[in-house]
Each structure stands twice: as C-alpha cells, then as structure tokens.
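Here the numbering used here is used: the first residue of the sequence shown is 274, the next is one more, and so on.
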Amino acid sequence: MNTQSPAPRASRSGGRTARRAARSASLPDHLRPVRPGMETTALRILSQADMERIHQTALAALEEIGLADAPPSGVELLTQAGCTLGDDGRLRFPRALVEDTIARANRSVTLYSRDGKNDLQLSGGRVHFGTAGAAVSMVDAQGRAYRDSTVQDLHDAARICDQLDNIHFVQRPMVCRDIPDNLEMDLNSIYATTAGTTKHVGVSFTDPTYVQSGLELLHMIAGGKEKWLERPFVSNSNCFVVPPMRFATEACQVMEECIRGGMPVLLLSAGMAGATAPSTIAGAIAQAVAECLAGLVYVNAVSPGAPAIFGTWPFGLDLRTGAMSVGSGEQALLSAGCAQMHKFYDLPGGAAAGASDSKLPDMQAGWEQMCSAVMAGLSGLNMVYEAAGMHASLLGFCHETLILDNDLLGQAQRCVRGIEVTEETLALDQMRATCLGGPGHYLGTGQTLSRMQVDYVYPEFGDRTSPKEWVERDRPDLIQKATEKKEQILAQRAAARFDAATDQAIRARFNIHLPA
Numbered sequence: 274m275n276t277q278s279p280a281p282r283a284s285r286s287g288g289r290t291a292r293r294a295a296r297s298a299s300l301p302d303h304l305r306p307v308r309p310g311m312e313t314t315a316l317r318i319l320s321q322a323d324m325e326r327i328h329q330t331a332l333a334a335l336e337e338i339g340l341a342d343a344p345p346s347g348v349e350l351l352t353q354a355g356c357t358l359g360d361d362g363r364l365r366f367p368r369a370l371v372e373d374t375i376a377r378a379n380r381s382v383t384l385y386s387r388d389g390k391n392d393l394q395l396s397g398g399r400v401h402f403g404t405a406g407a408a409v410s411m412v413d414a415q416g417r418a419y420r421d422s423t424v425q426d427l428h429d430a431a432r433i434c435d436q437l438d439n440i441h442f443v444q445r446p447m448v449c450r451d452i453p454d455n456l457e458m459d460l461n462s463i464y465a466t467t468a469g470t471t472k473h474v475g476v477s478f479t480d481p482t483y484v485q486s487g488l489e490l491l492h493m494i495a496g497g498k499e500k501w502l503e504r505p506f507v508s509n510s511n512c513f514v515v516p517p518m519r520f521a522t523e524a525c526q527v528m529e530e531c532i533r534g535g536m537p538v539l540l541l542s543a544g545m546a547g548a549t550a551p552s553t554i555a556g557a558i559a560q561a562v563a564e565c566l567a568g569l570v571y572v573n574a575v576s577p578g579a580p581a582i583f584g585t586w587p588f589g590l591d592l593r594t595g596a597m598s599v600g601s602g603e604q605a606l607l608s609a610g611c612a613q614m615h616k617f618y619d620l621p622g623g624a625a626a627g628a629s630d631s632k633l634p635d636m637q638a639g640w641e642q643m644c645s646a647v648m649a650g651l652s653g654l655n656m657v658y659e660a661a662g663m664h665a666s667l668l669g670f671c672h673e674t675l676i677l678d679n680d681l682l683g684q685a686q687r688c689v690r691g692i693e694v695t696e697e698t699l700a701l702d703q704m705r706a707t708c709l710g711g712p713g714h715y716l717g718t719g720q721t722l723s724r725m726q727v728d729y730v731y732p733e734f735g736d737r738t739s740p741k742e743w744v745e746r747d748r749p750d751l752i753q754k755a756t757e758k759k760e761q762i763l764a765q766r767a768a769a770r771f772d773a774a775t776d777q778a779i780r781a782r783f784n785i786h787l788p789a
C-alpha cells in the first residue's frame, strides 16, 4: 500500500527537472563524485602472513628454478647484475639480488597523457580503469554477430574512450586484422590510438626491430625526441615471459629497446591457472609474482629506476573444458590477490579485471564485469586492465559495451571511494531539524541538494524510471541507446587528431591505413 503523503511526492516531482538539469551540467573536477586515481585498499583477501608466504615462495622459485630462454643480451645483463646461469640454460636469481632490486625499484610511476589533462599517478592504492587486450573480433551488438577487427575499429574505440570519463587509459584492445604486415600493424596501432585519444595509450611490438620505427613515429607526434622524453604518453605492454618460468626471447629484446627509448613498460605475466600456472589461486599468484620479480630485476639491470608496472595477470581456466574464464569469481580473486601483493612490495601494479566470457552485452556480461571490477578496485589495483568492452574471454570487443561500461565503472569507482564519516556526513543536525518540527523528510533540503552531485554517481544509460515511465518512453533499449551514443561520438572528427603538418609528415614517412 502506498503510504507516502501527497506533499513529498509533489515536491519530488516538481524538483525532478531541476535535478536532471543539474546532473547534465559538467562538474568541476574537485566536485566530481568519482575521478581517476581515487585511493583505497579496503578489500584485503590475503593476510600479512599469506602475503609473506607468497613472497617467500616466489623467492624460492626464482632461486631454485629460475627462468629459461633469456636472449643473449638478457643473459649478459642479468649475470652482471648477480644472476647465475646454470648448465641447463636457466638463469637463477639470488634472494639478496631480488630483495635489493625491490628496495631500489621505482615506487611511483606517472603515465603521461598527450595533453597533460589526464596524467595517471601510480602509487599506493590509487585506482585507474582502462582497456587492454588483443581481441581478434568485433562484436556487432545489434546483429548479434562477430567479424574481424580493423584499424578503423581500433581508432573508433580510442575516440569513444576519449569521451568517457570513467575510462582513464587506452591500452590497445584489439588487433588490426586488416593489416597483414606486422610492422605496419604495430605502427598503425600507435597512430590509430593516439589520433583517437589524448589519454595515456599502451601498445605492443611484435619484433624488436620495429621499436625504433615506433619511437620515430612517437617523436613526430610529440614534436621532437626531447618532448617525447619529457612526457612519454605511450607505454609498452610487454609479455616478457611465457609461463611457466620462461622468458619470451623476442619480447625481452623489445623491452630492452623500449626502456632505452624512454618508454614505460608493463611487465606482463599472463599464466593460465591449471595450464601454464598452478591450478590453485595462491599458486598462480605466487608464480606470477616470481615472474614479475624476475622482470623487475631485468628492467633495473637495463636502467636502474626505469618506470615499470608490476603486471601480474594470471587468468582463470574452466577445468571442465579448458576454456578461459575471465568472468569467474576465481578471476576476481586472482586479480584482487595480485593487487595486494603489489601493495606488499609498494610497487606500481596492474592486473586484468572487468572482462566477460559472455559473447554479447547481456546479463552474464554485467555480473561478470562488475564482480571483478569492484573487487580489483577495492583492492587498490593501480591499473585495472581489460576493464571495458571485452567479451568472449578476450576474443571479442564491443563499442556498445565500452560505452555501457562507462556507467558500470562509475558505480565501481563509487565503491572504491567508500564512505566518508565526518560531522557533516553523519548529519545529526539534519536529523534534528527534520524530525523535531521539520517536514519529516529530507527531500529538497539544502544539505540534500548540495550533496546530490558530490556523493552520488548517476548512470547515463542505466534506467531508473518506473515501469509506467518506461512504457511512456516507448520501452527504451539499453543496447540501442549505446549504439546511438556511439554514432553520435563517431560522427565528429576526433579532437585528438594531429595538426595538418604533423599528419602530412607522418603519412609521408609511414604507410598509414586510416583515411586522412
């Protein structure tokens, strides 16, 4: 039975238009309810003793097992740093060397944006959400179909991300399958992403000989080598290991070139629990930690204090079928546990969370994405990769999902922000004024109105109308609304595009596949 009095209901209805107008206005950064880099370590699924045991296990693995397949340059660098090369070809890492490297490593990394407005400061429990991955297909949400991903799709994804407040960085989320030449694909991936967004970008190189060309392109975009070195706005996502416990020889050579070129490096260890990593969650985390500690020693052997992100990315596996399970609760635990280990070492870190095994933006995608995104955020994960747009266990990417995930990540960030307990927020004065001779409700009060934007995150696409209003609005469809938003964004030329002279010079030097 509806017991609400007419007066409050009328007040609520009368203020709805004003509240909607207020919500549509752009807020200054200091008043936004959520923003990049909010800090938390609210969720702690590992005890101090647990983390110490994982650490000791990682040290033992590095000292007793070591890593195979380092390139000759890596063998030279690491043996000079203090590693030993066994007769079996494996490099072993003394405990003292690893612990000394942890003590000397860069504890705070800034990932620069091209325009200086979206720099990411990685330290402590500061949380940032963004894209990543190497999807080979695009999801057609309207046609419920998959097709090969293209360089235009990549550029469009970057353009969309540039307009979404809750996507903080753009690591390449898909492969340009319409460019068969690997060098041209790598260079066009740099061009497509940086021409689409001024936020920080992450890219990969398929061959070490391609890095210098990539750096030349980045110098042209930056306006010179010196300007690039001052603010490197692109980082290298580097799968430097092939789990279990082997270096990826060519990727290590890429890493060396990128470090020398002033590019921050994501040390990415992506074992599959039950296949290329132990099937237990603790074991998978321990192996990923060991591999990334080896990478940290490697980075500091190339250049002490070079900016590196501790990228423990263990993935879950459905042991019934052997299928990847990035949307599972186990995946959420893996990433949250890794985030805690980053804090144990006080090192900037990243892991994967927010992706889905579902093939389409549906209910399964929603529960899978939110579960791991929130857990990673509450764990204080500095860089939450693959947090938007990813489907089919990282095989598919969807522009509509990317747009809807902006809403999802807004809610996740509100969880990260947590609950502020102060004299003002406890609101005893409001209770007193409302209950003792007041109106008996808080609707329309000065305090409520003053904090409605500061404390609350309002989804752009999430539907909070009543069933009656929903019918009156012709039953709006979530995917259709996202498609309309996509088309609206892509109808405009990207604001991040380069000036005409720079673009002409780039096209004269490189074979750029995107239309001018």
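All C-beta atoms in this analysis are idealised placements derived from N, C-alpha and C, irrespective of residue type, glycine included.
Reference residue i; option with closest CA among the options
i	options	result
M458	L370, C708, A407 and I440	A407
T330	A555, P446 and L722	A555
G487	R504, C531, G710 and A706	C531
A605	K754, Q560, Y618 and V657	V657
L624	A567, I558, I779 and R380	Reading off the sequence, residue 624 comes out as Ala, not Leu. It is I558.
A626	Y618, K616 and W640	W640
I582	G600, R746, A700 and C512	C512
S510	P712, P446 and G547	P446
T522	N679, A609, A706 and P345	P345
A334	I779, A561 and Q684	A561
M536	E659, F366, G403 and H492	H492
N-terminal and C-terminal residue of the alpha helix (DSSP H) that residue i is part of
i	result
Y618	G602 to Y618
Y571	I554 to V575
H441	No alpha helix (DSSP H) contains H441, which DSSP labels as neither H nor E.
G403	Note, G403: premise wrong, no alpha helix (DSSP H); beta strand (DSSP E) at H401 to T404.
L350	P345 to A354
L539	Note, L539: premise wrong, no alpha helix (DSSP H); beta strand (DSSP E) at V538 to S542.
H492	V484 to A495
Residue i classed as buried or exposed, judged by whether at least 16 other C-beta atoms fall within 10 angstroms
i	result
P788	exposed
G469	buried
I475	The question names Ile, but residue 475 is Gly in the sequence shown. By the neighbour-count rule (16 or more Cβ atoms within 10 Å), G475 is buried.
W743	exposed
M636	exposed
S645	buried
Q642	buried
S739	exposed
G339	buried
A781	exposed
V382	buried
K632	buried
R746	exposed
T276	In this predicted model, T276 has a pLDDT of only 39, less than 50, meaning its place in the structure is not dependable enough to derive any value.
D702	exposed
Reduced DSSP secondary structure (H/G/I, E/B, other) of residue i
i	result
D392	coil
T718	coil
E696	helix
M597	strand
G662	coil
T738	coil
H231	Residue 231 lies beyond the stretch modelled for the chain, which goes from 274 to 789, so this question has no answer here.
S723	helix
A625	strand
G710	coil
M230	Because the chain in this structure spans residues 274 to 789, residue 230 falls outside the shown range and cannot be described.
R533	helix
M447	strand
Between the CA atoms of residue j and residue i - distance to the nearest angstrom
i	j	result
A524	V348	14 Å
L370	A354	8 Å
G650	A612	9 Å
D360	V412	49 Å
P453	D728	49 Å
L607	D323	14 Å
F783	Y464	10 Å
S422	S410	5 Å
L319	R377	25 Å
Q485	P577	21 Å
P517	A495	38 Å
Delimiting residues of the beta strand (DSSP E) encompassing residue i
i	result
T585	A581 to T585
N455	Taken as a continuous stretch (DSSP letters only), N455 belongs to no beta strand (DSSP E), being part of the alpha helix (DSSP H) at N455 to T467.
N511	V507 to N511
D421	A418 to D421
D678	No beta strand (DSSP E) holds D678; the alpha helix (DSSP H) holding it covers H672 to R690.
T383	V382 to L384
H473	H473 to V476
S410	S410 to D413
Heavy atom of the ligand SAM within 6 Å of residue i beta-carbon
i	result
Q613	Annotation note on the ligand SAM: not contained in the displayed structure, which lists no ligands.
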